[in-house]
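So the sequence lines, in the order shown, correspond to chains B and U.
In this text, residue positions in the first sequence follow the working numbering: the first is 770, and each later residue adds one.
In this text, residue positions in the second sequence follow the working numbering: the first is 96, and each later residue adds one.
Quick reminder that beta carbons are idealized off the backbone N, C-alpha and C, glycines included.
For clarity, every value in this text was computed on a predicted model and none was experimentally measured.
First up is the structure itself, then whatever we jot down about it.
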Amino acid sequence: MEERVHNESEALLLKPERKVGIVGYGAYVPRYRLPATEINRIWKGDTGGTPIREKAVPGLDEDVVTMSIEAARNALLRAQIDAEELRAVWVGSESHPYAVKPSGTLVAEAIGAVPSVSAGDWEFACKAGTEALVAAMGLVGSRMAEYALAIGMDTAQGRPGDALEYTAAAGGAAFIIGPAEESLAVIDAVYSYVTDTPDFWRREGQKYPSHGQRFTGTPAYFKHITSAASALMEGTNTEPSDYRFAVFHQPNTKFPTNVSKMLGFSKEQIQTGLLSPVIGNTYAGAALVGLSAVLDVAEPGNKILVTSFGSGAGSDAFAIQVTDAILERRGNAPFTQDYIQRRTEIDYGMYVRMRRKLAK
Amino acid sequence: MENPRHWRLKKQRYGLVGEECPHCHEKLFPPRDVCPHCGGEAKEEFTFSGQGEVYSFTTMYSAPAGYEEYAPYTVALVKLEEGPVLTAQLTDLGDDEEVEIGMPVEMVTRRLRSDGDDSGILIYGYKFRPVMK
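Okay, structure coming up:
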């Protein structure tokens, strides 16, 4: 009998029986931008540095449901499948509009995927989206379904004056997982790394999250991302130079830049997917909207390493390879950069109104 | 609490699902089951592309109950490329985009309002924005 698992590291990977990949993807970023200098003007007497240039802010009529609907429609345009062929619509977020009532049912209804579909919401701070993606791979990889839709999307909350207010932003992306032979990009393997680490949390009924200040760095973000990405590369017998692009969870500009250096990736490998300087931290959407920006420009044969991070804490690392099909289908929907360049600057006063910070 | 009414309208509101008359092939929105053009029965669902143009518009400074927090906002008669004209809010106008008659617009699904206070359901539906690309 053939030995399926060649080494111990490979045994730790999540790999479906049937090869799967991304058959369609779509991004969404709202059009309003709050420059970080505005937060300095209000809270720091116009002094000090900023962790990013500006962040994306949702309009008054936008939330995780409306943003997910648009990203999902873009993904369907690229997948060239009927929404009724989806067997799952899963939305990963930490800003679902309802505390009780799924975002997934609304998204599924709006895109025309109901009623023969599984729908629901995922929660794992900033990695809720990749968590849904791994589950979608399992559903398709086990042949329970031909196609499953996983979305990572957030309208993140930052307490006025808190360090997170600079970066807590809105955006994300949707991915339709299907058989590898129909894919724009094949997902070769996933590795998930999880520990109980209280770096960032929000208790029931609280409007804004709390965080452990510097504790969010070394034992949380850096430990989980480096562990997950290293284990994935060991298990797949690859190294940083095998990847044309790398995308890491991006709560600011510094963390993903530093973690890529620690792992041995160059600036050139991360710059295409590093969107946080111009859209902020889109939480559950962050790694995924970075991946969508990479898929917009990647060439067939390129390998992409994606590693998310969710507080609490955990990381999912993906090894992805782009196929020839990307060239004919990616032009079917707006590119990530089209959304980023559609930009209307707002000041702190308008931001307060749009995020309903004065209400009640 | 008007959940049953909103629930009945969800398909047309979320996805611009109307009807096509099987007799004269006119596209109908909102769906009404009887074709206003030929009088025949028309129950075949038709999903509109969402592409259209501004036929006319006005800006609301004094909003009706439930929409106050969005004022001022622009409401337009949008002529869909398949024929019907409907009334909808325009959204994502930004600073630099002057609304004008004939402007190409596309449908997006957005939050319209909440039903009653903060404990009511959220009502979603179509709006139109300037075409992105």
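Under the three-state reduction of DSSP output, residue 1113(B) falls in the strand class. Under a 10 Å Cβ-count criterion, residue 790(B) is classified as buried, with 16 or more other Cβ atoms of the shown protein chains found around its own Cβ.
Flagged as an interface residue toward chain U: residue 879(B), by a C-beta distance shorter than 7 Å.
Contact annotation: residue 148(U) and residue 99(U) have beta-carbon atoms that are not nearer than 7 Å. Counting only unbroken stretches of 3 or more residues, the beta strand (DSSP E) elements lying wholly within the stretch 795-825 of chain B are 801-804, in sequence order. According to the DSSP assignment, residue 114(U) belongs to the beta strand (DSSP E) that extends over 112-115. Counting only the Cα atoms, residue 1048(B) lies some 26 Å from residue 879(B). Against chain U, a Cβ distance below 9 Å from residue 834(B) picks out 204, 206, 217 and 219. The beta carbon of residue 186(U) sits closer than 7 Å to some beta carbon of chain B. Nearest CB-CB separation between residue 147(U) and chain B: not below the 7 Å threshold. The alpha-carbon of residue 140(U) is positioned some 14 Å away from that of residue 109(U). With a threshold of 7 Å between beta carbons, residue 113(U) makes no contact with chain B. At the C-beta level, residue 921(B) and residue 898(B) come within 7 Å of one another.
Going by DSSP, residue 1023(B) is part of no beta strand (DSSP E) but of the alpha helix (DSSP H) stretching over 1023-1032. Pairwise C-beta distances place the stretch 881-893 of chain B in contact with the stretch 850-866 of chain B, as three or more of them are shorter than 8 Å. Residue contact check for residue 155(U) against chain B: no CB pair falls below 7 Å. Under DSSP, the beta-bridge partners assigned to residue 142(U) are 112(U).
Taking a cut-off of 8 Å for Cβ pairs, the stretch 172-192 of chain U and the stretch 111-131 of chain U touch, as three or more such pairs fall below it.
Residue pairing by DSSP leaves residue 1071(B) without any beta bridge partner.
Annotation: residue 160(U) to residue 1009(B) spans about 58 Å, alpha carbon to alpha carbon.
Distances from the alpha-carbon of residue 224(U) to those of 113(U), 106(U) and 168(U) put 168(U) closest.
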